[in-house]
Structure formats: C-alpha cells, structure tokens
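Participant: Below you will find the structure I want to go over with you.
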Amino acid sequence: MTAHASPIGPGPTGPGPTAPPPAPPAVSPLRLVATLGISGALAGLLLVSVHRVTEPVIAAHKQRVLEDAVLEVLAGPTSYRTLYLVDGAFTPDLPAGADPRTLDTVYAGLGDDGARLDGFAIPASKPGFQDKVSLLFGWEPKDGTVRAIRVLESRETPGLGDRIEKDPAFAAGFVGRTTPLVGVKAGRGTGAPSEVDMITGATISSRTVIDAIDTTLARLRPALDAYAAEAAR
Amino acid sequence: MSDLLWILLSAMVVNNFTLSLFLGLCPFLGVSGRVETALRMGLANIFVLVLTSLCAWALNTFVLVYAPFLRVISFIVVIASLVQIVEMAVKKFSPTLFRQLGIYLPLITTNCAILGLAIFQTNRGYGLFQGLAFAVGAGLGLTLALVLMASIRETTELSDVPDVTRGAGLVLIVAGTLSLAFMGFAGLLSGA
Amino acid sequence: MSTDARLLVTAAPHVRSADSTPRIMWTVVATLVPLLAAGAWWFGPGALLVVAAAVVGAVVPEHLFGRRGALGDGSAAITGLLLGLTLPPGFPLWMACLGGAFAIVAGKLVFGGLGQNVFNPALVGRAFLQAAFPVAITTWPAPAADWSAFRGDLLALPLTSPAADTVTAATPLGLMKFEHTGTALLDLAIGRTGGCIGETSALLILACGVLLALKRYLDWRIPAAVFASTALLSGVLHAVDARYPGPLFMLFSGGLVLGAVYMATDMVTSPVTRRGAWIFGAGIGALVVVIRVWGGLAEGVMYAILLMNALVPFINRATQPRVFGQRPREATS
Amino acid sequence: MKETTAREDLLRGIWRENPVLVQMLGLCPTLAVTNSVANSLAMGIATAFVLLGSSVLVASVKRLVPGEVRISAYVLIIATFVTVADMALEALAPGIHKALGAFIALIVVNCIILGRQEAFASKRPVGRAALDALGTGAGFVIALVLMGSVREVLGSGSFLGHPLFGAHYEPWVVMILPPGGFLTLGSILIALSWLRRRRAAAAGEARS
Amino acid sequence: MGFLRGFRHGVHPPEHKELTAERAIRRMPFPDELVLPLSQHAGRPARPIVRPGDRVERGDKIAEADGWVSSPVHASAAGTVLDIVPQPHPSGAWLPAIRIQVAAHSAQAPRPRLIPDWHDLDANGLVEAVRQGGVVGLGGAAFPTHVKLKPPEGRRVESLILNGCECEPYLTTDHRTMAEYPERVHLGLRIMMKCLGATRALIGVENNKPDALAALQRTRPDDLDVDIVGLTVKYPQGAEKMLIRALLGHEVPEGGLPLDVGVVVQNVASIATIAEVFETGLPLVERIVTVTGPGVRKPANLIVPVGTRVRALLDACGGLTDDAAEVVLGGPMMGNALAELDAPVTKGTTGVVVLTEADVRARDVHPCIRCGRCLDACPVFLNPQLLGSLAKRGRLEEMDAHHLGVCMVCGCCSYVCPSNIPLSQMFGAAKRDLRRLAARAAP
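Chains as they are written, first to last, in the numbering used here: chain A, 7 to 239; chain B, 33 to 224; chain C, 645 to 977; chain D, 139 to 346; chain E, 3 to 445.
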C-alpha cells in the first residue's frame, strides 16, 4: 500500500500536521551515510541474531513436513535418501556449486536394512484451475504402480477442486494404479488397472493431478529405471 | 514456452494481481478516476515491474542465497533506489515521458505490487525468463484492472449513485464484481 | 374556451414516440413466458418454482430499497426471470432467492437503480451463485421418472446443502469438454438436453429474439456479432484441429443463445453506439470461445458478458460518433 | 500541533480514526488474508507488533536521524521488524505462516505503519508513540477480525475453526475467495456509511 | 423518382398533414386590432418611428431596422396607432409591440407601389429592396433575408437551395404555397439567383407532397438551371445542414455556415414572399399560416395579417375544441407552447397547432436505460445520452467538449426517448448557459 492516503478516504490521515519536522540546517552527507550505515548495521545485527535463533526451528519444521510427506507416499520405508538428477542420472551427491532448487529431485525409499531401494517419492506440479498444484507421489519402479499420493499445495475451488487435497477417497483412488494413469468419470471405469476415478464436478483439478504424475514420470522414467536397475544389482 | 505463457496469463487474468491477489490496490481504488491516468499509471507499473523482476532475480541468484533473512530489506532498498534511478534517467533522457509518467513513479515505490512481485517470484523459485513473464503479466493485469476501473468510474460519476454507497463502498462492490467476472478465466491453459 | 389558464405550456417537442421504458421492459417479460413454458416442459414444474424464487429474491429488495414505484418499470422482474432461467432445474430455492437478492442489491441498487448499473444484474447474481455454491450450480439433476416430480433438492432448507446423492445428467458442453462426446444438433436446437432452465431451447429463444428485434426492443447487432464471432473463431479452430467442437455445436449449446439474445442486449449494460455494439458482441463471442476451449470451465457465456460489460464504458468512449461536420482530423480527439 | 491527551492517543485509532474502516489504509492485507479469523488475527498481531516496534524505535532515535534520510531510515526499521516477525511466525506457527505467505513480508509497504511514523512517532515522545501504535494496531486488528469473522462464518460456517451451524450448512464459498473480500469490505463500508448518516440525521433532528 | 435522397438518422413522427394538406389557402378577415412586436426577426429589435394616435396605411413602415442584422416592421392594415407597450410575444415573454386599432370598414385599398419593380434593379438594389420590404426567413427562425442575400466579400455562392421540405408534422403552409403559387416560387428563385450570382438552384421537396412537386415541375422556367428533387420523408429534413447533406452530399463544417460549402438555403415561403413583394410592391405584411391540430374545430391554411392575435386567428377557424390543451406556435417538434392566446402571429409563425389532452398528457420520466435510440435519432451524430447525463450534473464545459455546439435542438432525441427525458430542452438550456458564460468571458 502506498503511504499516500487514497483520495477516496474520508479525509487526511491522522491528527498531526503533515509538515515534516523542522530539518536541522545543513547536515553533512557524511552524517547521512553514517546514520544509514549504522542503522543498517544494527538492523543486520538484529536480524542475524533472530535468524540464528529461529533458523534451526524453521529448518527442522520444514524437514519434518517433507519427511512426513515422503514417508507417507512411500507407504512402507521409514527412511529415504534424496537424489538429484545430474546429467541424466540420479545421484545422491549434490555437485559442487549447484543450486539444489534448480535440479530435479526425487526421494528414494530405503528398505529395512537402510540400503535396499524401496520405491521413489517424486514431486510433481502442474497448473490447475486457479494456480499451480504441487504434489508428491510414491512410485514403485518394479511394476510402475503408484504407491500413494499427497497434494502439498493447491488453491483449487473450496468444496470442489480442493477435494484433490482434502478428500482422502480421491487420494486412495491412486493407490496401486498402473502408470501412465487414465482419469475416468467416477463409476464409469472399465476396471482397467490404470484408471483413476475423477471427482465429479472437478474434472480439471482431478486431471491436473493425474497429468502432473504422468508427465513427470514420462520425463524422469528412464533415469528412475536406470537407478532402480543399478540398485537391484 | 507454454510454461512462460501460463505464467504470464496467470498473473494477468487468472490470478490477476489486483483482483485476485489484492496487490496495487491503492492506485486501483484511488488514482484511477480517469482512463488516461490509469493507462499511464499502468505503463509506469509495467516498466518498474520488469526492472524489479530483473533485480530480484539477480539478488536471489547472487546475494540472497547466502543471507535469506535480508530478503525483505534488500528488496525494499533495491526497489526504492530503482525507482529513484528510473525517475532520474527518464527525466534526463525523455522529458516528455517524464511529464507523462513522472508523477506516478514515486507512488510506485510504496505500491505493494512491486514488492509483491519480487517476493512471489522468489517464493515460487522463478528463473530469469519466468520472472520476466511474471512481471509482464502482472503489469498487464494491473493495467487492465486500472483501466477497467477507471472507465467504470467515469460512468458511475454520471450515475445517480446513492449517497450511502458513493465512494469506496461502490468501488469495492465493483471490484468484487470484476473479481467475480475474472473467475471466468480460471483454469486457462490447464485443461488442454 | 374563455380563459387561457387551461393552456398547458410544455417544452418542445410536443409530440413523443409511443414507446416507453416500462413498455419495453414488460414486453421483454412477456417474451420470456414461452421460455418459462419450455423450461417447465423439459424439466417439470419444479423449474417454475426455481424461477419464481429468483424473481421473489429480486423484487423484494427492489421494492424495499429502490426508487419509489421502481417495480412498475419491470426491470427487477426481468432480472429475476433471467437469473432464474440460467439456474439448473433442481437448484435449491433458497439459493435462487439469495441470488436474486444479490443480483438486485449488488448488481443494481448500489449503483442507484435502473439505468445506473455497469454489470448485467442477472449475471452478477449468477456469477455470485456460481462462486458461492459451485457444486449446487453445476449439479444437473437427471430427469425424474414422473414429469411433475421435483428434481434435485429443490426444497433444501435455507442455508443447508442440497442432498448429496442427486442423480446427475451432464450438459452437452460438459460432455464435450470433459468426455469429448457430442450431442445431436436437433436436440440442442429444440432443447432436449441437460442444462439450465431457460437456455436449452435455442430455436425458441431465437424466435423471441427476432420478435424483440423487430420491435426494436433489442439491438440485433449484438447477438449478430456474438454469433458471427463465435462461429468464425470456433470454425477456424475446428478447421485447424477437429478435436475442437464445430461452430454449430458452439452456437447451439449452453447459454450462448440465451446470453446473446437476452443478457448481452440489456440496454443499460451494452454500448450505446452502433459500432460499439458490434465490438461488444464480437468480444463476447471471442471470450466465449476462449473460455470454452482453453479455460477450465465448460461454459463461459456469463463471464464473457460480464467481462465485456466492464469494458462497455471504455467502448462507449472509444466509439463516440463523428459529429456532423467534424473534420476527420478532429474526430480522434 | 494540536495537543492531545494520552487517552486520546490510545483510543483514537481504535474506532474513530480506524486505519482501515475510516482512513482506508492497509487494504491489501485487509482483503488478502482475512478469509479466516485465525489468519486475520495473526496478520493483525504481526502488523501491530511491527507498528509498535517501529514507533517506539523511531520515537527514541528521532533526534539522531537527519530529515533527509528520515524515510529511508523508517523503512529500514520497519523492514527489520517485519523480517523478525516473519521469522518468528515461521518458527512458532508454520501453518499460519504458510497461509499468510508473502503478505507477511508485504507489511513493509503497509502504509499504516509508515504513515504513523511520519505523522506521529517522529514528533512525539516514546510513550505517546507507543500508545498511538497500540491504538492504531488494535484498530487494525479489529478491522481484520471483523472482516475475517464475516468471511469465515459465511464462507466456511465456522468461527476460529469451530463449526457453527452443524454438518448441513452450505458454505458460501465465494466469501473466502477474492471476490468475497471485496464484497465484504464494500458491504461493511456501506453499512458504516449508512449508520453514520442515520446517526447524523438523528442528531440533526434532536437539535432542531 | 427512382432512388430518393435523404440524410442519415432523424425520426418519423406521425405527419397528420391530412388535416390541412388539401385545403386551399384562403384569406382571413382583418381583425379589429393588430399587435406588431418590434422583434419579429433574429437580430436587434426594430426602432419604432410612429407615435400613439398616428394614422397608418397598410404597408406603411412603422419601425425602422436597427442595424444590418435587423428588419423593419410595416403596418399590416390601415388604422390608428394605439400605443407601444409590452405585449405577449410568441416566445413567452412580454416584449414591446406597436398596437394598431384597425380602421373599421376600411377598404384596405391598394396603394402606389412601395417597392420598386425588380427588373430595374441590380443585385445591390434588389438586396436593399428586400431589406426595405422587411422580408425575413419565413421557415421559423426569421433570419433577415437580405443578410443572406449579401455574402461576405470573396465568398462565392454556387448553389441556391430552396427548402420545401416542411418536415414538421401538421404544417402545410409551404406545401400549399408550392402547390398553389408555383410560379411565384420560380420568380422568387430567379430574383434571388440574380442577387447571389448563383448559377444553379435545387428545390428539395419531401415526397409526401406529390402535388407540390408536380406543380413546380409543370411551371419550371426553361432558362433557369433548377433541379426539383423529391426527398425521403424524415424529420428534420428541413434543417439547413440536413437538406444540404441530402441534396448535395456535403456536410457543413462544425461551427460553419452553408456558405462554407458554397450554398445558400432559403425557405420556400420566404422566396414566394420575395416574389410577392416585388409583384405587389407591398412590403411583408401578411403571411400564410396553417391552423391545425385535433384541438381546433376548422383547420385551415390562411393568409393572415402579421400582428393578428392568435385568439382572433383561432376564432376565425371555429375556435378550440373542449379537449384542447396546448397551443403551439410553429410545428410540434420545435415550436413554442403559448401561455396566452393574446400573443400575435409574427413573420416567423408557420402554423398554430392545437393539441388535445390525449396528445400532451404528462408522461412519467424514467431513468435513462442507455438504449441508444437518441444516438440513432440525432441528425448531427451527437451522443445525447452522454450529453444528457452531463447536463443533469451541470458539467457545461464537458458538454461543450462533446460538441454541444452542433446541436440544433431539433427535438429528435426527446421524441424517441422511451424514458421521456427532456433531452433537447436540457440542451437548449445548456446552450444558452454556455453562450452567457462565453459572453461574460469575452472582454
């Protein structure tokens, strides 16, 4: 919002006069810079301190949220490993100087022994009805089936499209389905293993989720398969 | 390419900066009494938004990776200086343009659309071109909303608006209706 | 006559054309009656109740807060009727009533009543209902076994949800958009399809529209421009990629005919200039195609008209007629 | 400057010169985050915190800051407090932080805050500045919660997350969508204007 | 006639000309008293040159033109000057007028020629003769004719246009004039072309007067380049600018005069009067008036001495019916309603239309519904809808910027408005206010 009172308001703001306080005559530029510099430094100091206090809490929370989601869609494993797509292959090691946000990232579930590959948790996103829908889905590389899905962020229509996030029945419809998925109208499916029931009245939102999974897999599948084959050996 | 187009259209109509994200409301509710003014204000905004997007991208890529907590401060400082520099540059190189846009530039500094753009762009992790598409879309969206509101207000000025609703009340109801109408764009380019 | 005291002194002109605003409005109301009848024929008597609820919702606030005698000009009745005709047959009555009230209050009264509003009030009400109750308004109840039985959950108590287990039947546009299934053109033309109460019988609406256009109670340019631009755009798209629905389907499905004939031509919210009318109509047609083809919604007529309503002041400005004797150079100012 | 009492400084911003409902400032958050009472409350408190902090600080250091860089210094101070609030909220209530999103950071450009610094804190003693900030902050919270209540009750059928009308209530979804924000604030302003007019009319009648 | 020429926009009010269209012109008996306002023309009022008690003969000059844009007044009957006092005027105001007691049983004898024979005069002499004859435009506006006959130095008049449209409903004076005195029309044309040096003339006649067209065709002189053109029936075809557009396709520039496109327009009645003045040698002392409308018992086309009170004129037509409600001087579209029947017929009075209660019943004014009919009606392509809402809020400057100046206050917008908004009345008032403002601003 601007500091300029909007003309539609009922009148000038505040009780005080609008004239600035009497400026001290001729302040040296040095003092101006110094004032700003010092206040900047103080502000920085304050921020750094607060950051140091809050950062671990925030990071831990983020980590927990991610972990929850990853483990939920992996449906089984209790630990996982983060993989980055570098030069067409997944590797757990982040190359020096690379920004992890710009790389495709998946999470490989680890079996009881802490080493065996047990499914992938894969993030996917696609523009939906209102805005981008982000989700995480668990995927079984052996037969290409979906283990579970969880919509992480969406701004779909409340009561309609947001059921992709809020309606457990919708998410349950993905479990065990073979990719690539095909959306069908609820109750109209033929029973094929790739069919997923869409939400009545929220076809666009439902299809967004399905398409996000399909396109992400289409892009990453070679690398995922290669990694799975490597791990199986 | 379709990604960039979606970002642009999304910021422009689907999630219009003003009508859906409530950014840039001050000029929308206040300054937009005349269509010409609204148009110039919108153009000035597009200009500054694009520059801001560039700066925010540069800051995010080269500076804020190391000190994310300085984000708000550095954005606001950069935007303020940016507007100052633009104002000076325009004044020097195109006095005509300055006469037309000049008075709007200071208003833009504290327009939350500019800071909003920088922050949204950062939160969504947009790259350089995505950011530019976002900025252009947002600016066009702002301009569209401003011009629509201005032309509607020119008409309602000539209507027998009851005293009770005259002013902010009516403007907000109109904005609400515009916002309802823009819901028609929901899902644009997503169903295909 | 001995004294001149009886002489009237009025300003010129001393003769006036016979048309009056109430006459225009009530004629429009009269032409809506066949549409109501068609709605009742296809969807059962419950449809009439929905329309009646919308009319009551519109008329009561107009009476309470409007100008003195504002009901007499018939415009509130039109708003209620048109809103009712754009609702699904089994729409809960309390919602229809709320929509009618919102249409009149937010769509008209806040602007100062008849003639002052910017947006078509009926569509403001419809857009509000669409945003408020997205599920109910996209629930198209399947035909009941008995013609006279109420469809859907018409009688849901105020503020409560309609029963969730309504059997639904899809609209032609929904079928096309989400299942890529067409509907026979004849069914579309006479209205033997799912859809809103008043929008299914395209031919009937057209007939009423021609009647009104002949009486000059609506500007034929607007529907003509809507149809032309819709047909042209969808024709081009269809020619490029046959997956897109063809122009005839586009024209006859959904609310396009009703919208073009009755909503877009609302005098208050459409341009006053002839050139403006063409631009306005063409814009509606283009937006309809854009929303139907690339948007997330099956139907876009309502939004297209509302968006163009918002542009009307701008269009009026831009299409001011060139004044008699004005040199072209000045005409741009 | 007209002298005001401490009581006036505190109470003024709450209703009579309510920053949102009367002065029409800070509309962006008022419309953007008030789709639930909890969000409104959090946003209001965060803003009030920034306002209080900045006012106290500005009032304390006003003699040290030269007029030329006054605005820049204020913005710096405000931005600092906003960042603190942002980080604190993210650490303490991550759910609400996610819901408010970018709008926390946008407190920086909330003109209520800069406006109070310019109009009041930079000219008055620390105590008065604090009172003024408290009053204005409270007024902001009240306006936001008013908006949030209307929108949550109608739009979700609940208050602070507690269902009010039972399972059969059909929420008016539009109220928690963007148009609902505009429509709610518009209706509130029209209602207030109507009340003011009625009161003025009544007062006029009483006099005559 | 083939393709009919016309102009764009305009309206089609019911004509009602059948009441008098077939009735031959007859002479009305002299009234007992005449009221001759000093201001019967556009421009400065005339200066009286008689005193109470003076005896005057028919045709005597009783008031002298005061300046170039002014016109003298002549006694229209022999009698005695009673007084010079304010009297009811057709405009609604009370304005100074010379009252003459008509000499009873006077023969109103023809007198020696007061106006010289036209054959002997050059262009300047003709103009002066017309001026002395007190001839003004008889179509309603009453602009002194001699001014029109003398274009400014360096302006050439190519075409003379004769306005025989008579587009106002009810009126038939021009119609009867053309049908009964076509030779007079052609003679007037000849004199006028000589004055102006124009080589070409066009007579525009609306197609609802076939007998007038036929009569003009029949009597057309072979040595003159005269086009007699049938036009579509539409109001306001008789407005100068519309007529020029219809006949020649030219648009008179905004703020300009017909002269700017090389045209002078003259009304048929005025031209016939010029011919008559030169034929009889008598100045303009009488004119043809249509007395008509559902509120008058015996509608007629009458030759009326200028200065006859409307009451006397109506009595000559059998008086008013019981449901008569409004007496309009001029046509119903642009004419003035009379407040008092004592007002006289002046040189500019084309007709007296008496409307009944059923015609003029007050109608409810509704809010503007932006139907755009006024835009489709406005013959000068204004946006009366916008101008009307600006007028309602008194935004005069903006009205001016939206070309209010072009408005002729023809009444088309008011006529079509389904909400009965008095648009043209508002525009007339706004134009007056603007003129007043401009006059005040001028040094």
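Quick reminder that beta carbons are idealized off the backbone N, C-alpha and C, glycines included.
Quick one: give me the first and last residue of the beta strand (DSSP E) that E:W96 is part of.
Facilitator: Looking at the DSSP string, the run of the beta strand (DSSP E) that includes E:W96 is W96 to V104.
Participant: According to the neighbour-count rule (16 or more other Cβ atoms, all chains shown, within 10 Å of its Cβ), is E:R438 buried or exposed?
Facilitator: E:R438 comes out exposed.
Participant: Between A:G134 and chain H, is there a C-beta pair that is closer than 7 Å?
Facilitator: Among the protein chains in the structure shown, which are A, B, C, D and E, there is no chain H.
Participant: Report yes or no: is there a C-beta of chain B within less than 7 Å of the C-beta of C:S977?
Facilitator: Note on C:S977: pLDDT 37, under 50, position unreliable in the model; no value is reported.
Participant: What span of residues does the alpha helix (DSSP H) with D:P343 cover, start to end?
Facilitator: Rather than Pro, the amino acid found at residue 343 of chain D in this sequence is Glu. That run of the alpha helix (DSSP H) goes P316 to R345.
Participant: What in chain B is Cβ-close to E:G53, meaning under 9 Å?
Facilitator: For the record, residue 53 of chain E in the displayed sequence is Arg; it is not Gly. Chain B residues near E:R53: none, gap ~57 Å exceeds 9 Å.
Participant: Smallest Cα separation from E:G374: which of C:L941, C:Y947, C:A921 and C:I949?
Facilitator: That would be C:A921, whose Cα lies nearest to the Cα of E:G374.
Participant: Out of C:R711, C:N960, C:R936 and C:A684, point me to the one whose CA is closest to C:H824's CA.
Facilitator: Among C:R711, C:N960, C:R936 and C:A684, the Cα nearest to that of C:H824 belongs to C:R936.
Participant: For the putative contact between D:A186 and D:G318, defined by C-beta atoms under 8 Å, what is the C-beta separation to the nearest angstrom?
Facilitator: About 24 Å; that fails the 8 Å criterion.
Participant: Give the interface partners of B:G171 over in chain A, defined as CB-CB distance under 8 Å, in chain order.
Facilitator: Those do not exist, as B:G171 stays about 17 Å from chain A at its closest Cβ, beyond 8 Å.
Participant: What in chain C is Cβ-close to D:L302, meaning under 9 Å?
Facilitator: Here the premise fails: no neighbours, minimum Cβ distance about 11 Å.
Participant: On a Cα-Cα basis, can you pick out the residue from C:P733, C:W738, C:V749 and C:M669 that is closest to C:E706?
Facilitator: Per the Cα distances, C:V749.
Participant: Of all Cβ atoms in chain B, is any one closer than 7 Å to the Cβ of D:S192?
Facilitator: No, no contact with chain B.
Participant: For the putative contact between E:R296 and E:L357, defined by C-beta atoms under 8 Å, what is the C-beta separation to the nearest angstrom?
Facilitator: Reading off the sequence shown, one finds Pro at residue 296 of chain E, where the question assumed Arg. That pair is a contact at about 7 Å.
Participant: Enumerate in chain order the residues of its own chain whose CB-to-CB distance from D:G253 is below 7 Å, with the five nearest sequence positions on each side excluded.
Facilitator: Counting only Cβ-Cβ distances below 7 Å, and skipping sequence neighbours, we find L163.
Participant: Alpha carbon to alpha carbon, how far is A:G189 from A:S200?
Facilitator: C-alpha separation (whole angstroms): 8 Å.
Participant: Interface residues of chain A around C:T782 at Cβ under 7 Å?
Facilitator: Those within 7 Å of C:T782 in chain A are G207.
Participant: One question on the structure: do B:L172 and B:M44 come within less than 7 Å of each other, judged by their Cβ atoms?
Facilitator: Yes; because the gap between Cβ atoms is below 7 Å, this pair is in contact.
Participant: Just checking: is the beta-carbon of C:A745 within a distance shorter than 7 Å of some beta-carbon in chain D?
Facilitator: So no, C:A745 is outside the interface.
Participant: Would you call the stretch 98-107 of chain B and the stretch 188-197 of chain B in contact, with 3 or more CB pairs under 8 Å?
Facilitator: Output reads no: the stretch 188-197 of chain B does not touch the stretch 98-107 of chain B.
Participant: With 16 as the cutoff for other CB atoms within 10 Å, does B:Q116 come out buried or exposed?
Facilitator: Looking at its Cβ environment, which holds fewer than 16 other Cβ atoms inside 10 Å, B:Q116 is exposed.
Participant: Please confirm whether D:S178 and D:L282 have their CB atoms less than 7 Å apart.
Facilitator: Yes, they are a contact pair.
Participant: Looking at the unbroken alpha helix (DSSP H) that takes in B:N16, where does it start and where does it end?
Facilitator: Shown here, chain B extends from 33 to 224; a query on residue 16 of chain B therefore has no answer.
Participant: With DSSP collapsed to three states, give me the class of C:T815.
Facilitator: Note: C:T815 maps to coil in three-state DSSP.
Participant: I'd like to check one pair, C:A775 with B:L212: are the Cβ atoms closer than 7 Å?
Facilitator: It is a contact, given that the beta carbons lie within the stated cut-off.
Participant: What's the gap between the Cα of A:L38 and the Cα of D:P232?
Facilitator: Their Cα atoms are separated by approximately 39 Å.
Participant: Express the C-alpha separation of E:V267 and E:I423 in angstroms, rounding to a whole number.
Facilitator: Rounded to whole angstroms, E:I423 to E:V267 spans 32 Å at the Cα level.
Participant: DSSP three-state label for E:H405, please.
Facilitator: In the structure shown, E:H405 sits in coil (DSSP, three-state: anything other than H, G, I, E or B).
Participant: Between A:F135 and the ligand FAD, is there a pair consisting of the residue's CB and a ligand heavy atom that are separated by less than 6 Å?
Facilitator: Annotation note on the ligand FAD: not contained in the displayed structure, which lists no ligands.
Participant: Assign E:I207 to buried or exposed, taking buried as 16 or more other Cβ atoms, counted over all protein chains shown, within 10 Å of its Cβ.
Facilitator: Just to set this straight, residue 207 of chain E is Val in the shown sequence, not Ile. Burial call: buried.
Participant: Would you say E:S391 lies against chain B (beta-carbon separation less than 7 Å)?
Facilitator: With 7 Å as the cut-off, E:S391 counts as an interface residue toward chain B.
Participant: If you draw a straight line from the alpha carbon of E:P31 to that of E:D122, how long is it in whole angstroms?
Facilitator: Cα-Cα distance, rounded: 34 Å.
Participant: With DSSP run on the structure shown, which of helix, strand or coil describes D:E128?
Facilitator: Given a span of 139 to 346 for chain D in the structure shown, any question on residue 128 of chain D remains unanswerable.
Participant: Opposite E:R311 in the DSSP bridges: which residues?
Facilitator: Answer is E:P346.
Participant: Which complete alpha helix (DSSP H) runs does the stretch 72-118 of chain A hold, if anything under 4 residues is left out?
Facilitator: The stretch 72-118 of chain A contains no whole alpha helix (DSSP H) run of 4 or more residues.
Participant: I'd like to know if D:P204 contacts chain B, where contact means its C-beta is closer than 7 Å to some C-beta of that chain.
Facilitator: It does not; no Cβ of chain B falls within 7 Å.
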